[in-house]
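The sequence shown begins at 1 in the numbering used here and counts up by one. All C-beta atoms, glycine included, are put in the ideal place defined by N, C-alpha and C. Okay, so here's the structure we're looking at.
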Amino acid sequence: MTTEFVYGNVLTGEMHKTKKHMLILDPEPLYTKFLQKVLKRYEVKSPHPIVAFIAGDKVIVISGEGLTSNKHKAIPVDEELDKVLQKIHELSNKISELTNRLYEEFFEDV
């Protein structure tokens, strides 16, 4: 990682460098609206409570038997898959904690 923000044109090879800056924005209530929109778009239904979270550029939906969608078939979670889901959730939580710490330190009073 570097403190420089580097960008350029891949066609011409022209490169630019500038001092890196950042913003952290709190997406609520957009985050919740986005998840609701995704669940509605895919017509996600379950007779049980649904847990949904964004991981990378995907939405993971977990529920009990009877979880359905109009585009994908829900798969049963075995022990190995459960370990993967737990790891994804742990990493997501860690990223969230670190991001929240930065937000509180630099942007919360804004």
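(message) At the level of alpha carbons, what is the spacing between HIS21 and PHE5?
(response) 8 angstroms
(message) Would PHE34 and ILE54 be called neighbours here (beta carbons separated by less than 9 angstroms)?
(response) yes
(request) Mark VAL84 as exposed unless 16 or more other C-beta atoms lie within 10 angstroms of its C-beta, in which case mark it buried. (result) exposed
(message) If you reduce the DSSP assignment to three classes, tell me which class GLU104 lands in.
(response) helix
(request) Note down, one range per segment and in chain order, each alpha helix (DSSP H) of at least 4 residues found wholly within the segment 24-63. (result) 30-41
(message) Between the alpha carbons of PRO27 and GLN36, how many angstroms are there, rounded?
(response) 14 angstroms
(request) Could you tell me if VAL44 is buried or exposed, where buried requires 16 or more neighbouring beta carbons within 10 angstroms of its beta carbon? (result) buried
(message) Just to confirm the assignment, what range does the beta strand (DSSP E) spanning THR18 have?
(response) 15-19
(request) Assuming LYS71 contacts TYR42 (C-beta within less than 8 angstroms), just tell me the rounded distance between them. (result) 5 angstroms
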